[in-house]
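One structure is given below, encoded as structure tokens.
In UniProt numbering, the protein residues as written are 1 to 232.
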């Protein structure tokens with residue numbers, strides 16, 4: 001019912017933002033809804049229409065769970081209300097498992113997933129410490145640890161030099177602990193990679209995954225929004 005209300009209010013609404021000439025004013029998935037607007041005034045008007053329509057169906061918007069965010073180069077304080085309540089403005093917000101920030105910086109998102117992957121490494125440390133062969137350890141690393149990075153939207157990451165460095169540094173962190181190389185031993189990263197004897201580096205796998213996804217979107221003939229957003 002709630003999504004029906006959203007649809008009735010803003011699906012044909014001309015307000016919103018333009019992405020490659022495609023007007024977009026809402027993103028909906030499961031029970032999460034994002035309303036997009038070019039200005040504070042526009043956002044308030046759209047939200048007012050949704051609130052009024054919700055009342056007709058006996059639906060209330062949870063003010064405590066509803067947040068606002070200003071995305072752009074400059075900072076701006078928003079005053080968006082639902083009834084008499086002013087919605088909390090945040091600088092970052094977790095949506096569908098991903099961290100959205102007001103500066104749209106992907107570095108924070110990458111760092112979050114690196115830390116989650118690092119935690120998974122420690123959870124599997126007993127298996128990695130056992131007297132098993134190198135190939136088995138590499139499989140554990142690929143299947144139970146690096147797969148954490150692969151499974152959560154890495155296709156949408158922007159691989160700047162800083163992001164690439166973060167990923168490469170983390171990969172070396174894993175291999176050095178896998179081979180129990182102490183800090184006092186001055187072994188180069190090149191030497192560690194030779195010990196690992198891997199066909200592809202972690203960064204290379206991530207970037208190839210991004211390219212495959214881009215190709216998938218380009219081949220799509222259904223006229224999906226993803227294709228319109230990326231290839232006008």
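Think of the CB as a built atom: it goes at the ideal place given N, C-alpha and C, for glycine as much as any other residue.
- Taking 8 angstroms as the cut-off, the beta carbon of residue 87 is found no closer than this to the beta carbon of residue 51.
- The Cβ atoms of residue 110 and residue 165 do not sit closer than 8 angstroms to each other.
- Counting only the Cα atoms, residue 226 lies some 31 angstroms from residue 77.
- Take the alpha-carbon of residue 122 and the one of residue 195: they are about 21 angstroms apart.
- Only exposed fits residue 135, as fewer than 16 other CB atoms lie within 10 angstroms of its CB.
- According to the DSSP secondary-structure assignment, residue 95 is paired through a beta bridge with 98.
- For a cut-off of 8 angstroms, the C-beta gap from residue 209 to residue 150 is around 7 angstroms, short enough to register as a contact.
- Judged by beta-carbon spacing, residue 120 lies beyond the 8 angstroms limit of residue 140, meaning their Cβ atoms are not closer than that value.
- When secondary structure is reduced to three states using DSSP, residue 51 falls in the helix class.
- Secondary structure of residue 57 (DSSP, three-state): coil.
- By the Cβ neighbour-count rule, residue 163 is buried, with 16 or more other Cβ atoms within 10 Å of its own.
- As a beta-bridge residue in DSSP terms, residue 19 pairs with 22.
- Taking 8 angstroms as the cut-off, the beta carbon of residue 43 is found closer than this to the beta carbon of residue 80.
- Restricted to the stretch 92-157, the alpha helix (DSSP H) segments that are unbroken, complete and at least 4 residues in length are 106-123, 125-129, 134-140, 147-150, listed in chain order.
- Excluding sequence positions up to five before and after residue 61, its CB lies within less than 8 angstroms of the CB of 50, 51, 54, 82, all in the same chain and listed in chain order.
- Bridge pairing for residue 85: 82 [DSSP].
- Taking residue 156 as reference, the option from 73, 14, 106 with the minimal CA-CA separation is 106.
- Distances from the alpha-carbon of residue 72 to those of 190, 181, 102, 14 put 102 closest.
- DSSP places residue 192 inside the alpha helix (DSSP H), whose first and last residues are 189-196.
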